[in-house]
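233 is the number of the first residue of the sequence shown in the working numbering; add one for each residue after it. Written out below as structure tokens is the structure these notes cover.
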Amino acid sequence: MAVHVGFRVSGPFGGDPVLVAGAGVSGLAAATALVDAGARVLLSDDRADALSALPDGVEPWRGGGIPEGVRTVVTSPGRRPDHPLVAEAAGLGVEVIGEPELAWRLGALRDTPPSWLVVTGTNGKTTTTEMLAAVLARAGVDAVACGNIGHPVVTAVAAGHAVLAVELSSFQLHWSPSVRPAAGVVLNVAEDHLDWHGGMDAYAAAKARALLGDVAVGGIDDPVAARLLGESPAPRRVGVTLGPPGPDQLGVADGVLTDRAFGGGALLDADAVVPPGPPGVTDALAAAALARAHGVDPEHIGAALAAFTPGPHRSAPAGEHAGVTYLDDSKATNPHAAGAALAAVAARRPGARAVWVVGGLLKGVDPAELGLLAAAHADRLAGIVVIGTDRTPIVEALTRHAPGLPVEEVAPGHDGPMAPSDLQDPMPAAVRRASGLARPGDVVLLAPAAASMDQFRDYAHRGDAFAAAVAGLAAAGVSR
233 MAVHVGFRVS
243 GPFGGDPVLV
253 AGAGVSGLAA
263 ATALVDAGAR
273 VLLSDDRADA
283 LSALPDGVEP
293 WRGGGIPEGV
303 RTVVTSPGRR
313 PDHPLVAEAA
323 GLGVEVIGEP
333 ELAWRLGALR
343 DTPPSWLVVT
353 GTNGKTTTTE
363 MLAAVLARAG
373 VDAVACGNIG
383 HPVVTAVAAG
393 HAVLAVELSS
403 FQLHWSPSVR
413 PAAGVVLNVA
423 EDHLDWHGGM
433 DAYAAAKARA
443 LLGDVAVGGI
453 DDPVAARLLG
463 ESPAPRRVGV
473 TLGPPGPDQL
483 GVADGVLTDR
493 AFGGGALLDA
503 DAVVPPGPPG
513 VTDALAAAAL
523 ARAHGVDPEH
533 IGAALAAFTP
543 GPHRSAPAGE
553 HAGVTYLDDS
563 KATNPHAAGA
573 ALAAVAARRP
583 GARAVWVVGG
593 LLKGVDPAEL
603 GLLAAAHADR
613 LAGIVVIGTD
623 RTPIVEALTR
633 HAPGLPVEEV
643 APGHDGPMAP
653 SDLQDPMPAA
663 VRRASGLARP
673 GDVVLLAPAA
683 ASMDQFRDYA
693 HRGDAFAAAV
703 AGLAAAGVSR
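Structure follows, in structure tokens:
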């Protein structure tokens, strides 16, 4: 049941109606929270059918643009700053915020506002947030994971939780000008969503908003994250590193995750961290830093991380066939994340070769990034299978930077005559091609380094399609 936080029409929105733009998960949650708070709420969406069944008290707005009297728009996170609705709002002097910003304002009205522990970065956000939530739960803290992880922040605030482990994307941070977390981390910053932000500087600036609170944490092995940490105005700045930690850092000393920033000492053997490899260890250190900033005892951190299991679509087993292992890392939606997935395969299965399934929507990322990634892992790659709308520039980059690697393109006319379903779901053809490149003992890794919306609903749908295609190999009698 929602907790009423004392926010009325006469409160921060001055009695004016509020427009919620977008009837997705976060938009519906924002609309419900505003109604509970006593505001008049209008909801718009480009999809007409999305307005047919709305929460009680929410009025559909089908007029287009911004209704008369609205002074605040709560936008879905994916709406770009150059969207016509945003431009109209700017011309009218109407404020545009996101659902996390609304959650921050509603939470501030509680007698005891929730404590925000914010996680962002190009790669590792969800794993770090899940690790942090597991640590807080182990310590008996009334906490919940929320935000970009799938549970709206405004819903977590309405439920009255004391601590929020908040995963925030660059989009969400852009639309959250007031959020000042108790502690926040920027794990890393690599090219991603440049089409949305208009360039790397704006993308990094959005990420830096996680470092405006009391404690700023940064992955100092990443040059951009280290710079953002150094520029942070936070009273306390803490680095996390895979090397031995200094006085204001958490790192790895003699194979052990060690806290020298908050005096926690040895926390956990690095070999016990799951997912294995450098990215997983960095995520664990970041989660530990935020937990220590909140005052969690070291023994709870070590115990929770030792028992941690990653969520689905993060180097998750998707089946085995003819001696080949198939791994689903569909969550790897950019080159940085795909590189981490390839590194995790090397750490988990020394000596094994990988067939890399890659491709989708690049979101403004230079395809050369994928070519360079292939070149860096060439000695461990048996071949590459390319799918998706942006496959042509990806194939060109791969052949230019890693010319010795077999590259297969899944497109009409390839793999023989394609079934009509392959045009919508390329995974059966992609898995068949990957199985042909693999030999017993190899790994076929789905790590697309791109967004999924060209051919799938989301990354989870893409990963499920991959697993289904793997299961179909045996049913089709494919030997390898």
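For glycine and all other residues, C-beta sits at the position ideal for the given N, C-alpha and C.
In the structure shown, the three-state DSSP call for R689 is coil.
Residue environment: D491 is assigned as buried (16 or more neighbouring CB atoms within 10 Å of its CB, all protein chains considered).
Under the three-state reduction of DSSP output, A681 falls in the coil class, being neither helix nor strand.
In the three-state DSSP reduction, I298 falls in the coil class, being neither helix nor strand. Residue state for T387 is assigned as helix, using DSSP reduced to three classes. In this structure, L593 keeps its C-beta atom at 9 Å or more from the C-beta atom of L613. Collapsing the DSSP output to three states places L334 in a helix. Ranking G551, G603, P510 and W407 by CA distance to the CA of G704 puts G551 first. Between S402 and A365, the C-beta spacing is not below 9 Å. Straight-line measurement puts the Cα of A643 at about 45 Å from the Cα of A536.
H553 and V702 have their alpha carbons spaced roughly 8 Å apart. Here DSSP, grouped into helix, strand and coil, assigns L364 to helix. Residue state for I616 is assigned as strand, using DSSP reduced to three classes. Apart from sequence neighbours up to five positions away, the residues of its chain that approach Y691 with a beta-carbon distance below 7 Å are H545, S562, K563, T565 and S684, ordered along the chain. Spatial neighbours of S308 in its own chain (CB-CB distance under 6 Å, excluding positions within 5 residues in sequence) are listed in chain order as G254, G256 and G259.
One Cα belongs to L677, the other to L559, and the distance between them is close to 5 Å.
In this structure, DSSP gives A375 an extended state, which the three-state scheme calls strand. Residues of the same chain with a CB within less than 7 Å of the CB of R581, apart from the 5 flanking positions on each side, are V675 in chain order. Of all C-beta pairs linking the segment 320-337 to the segment 415-424, fewer than three are shorter than 8 Å, placing the two stretches out of contact. Excluding five sequence positions before and after A579, the CB atoms of its chain that fall closer than 7 Å to its own CB belong to P508 and G509, given in chain order.
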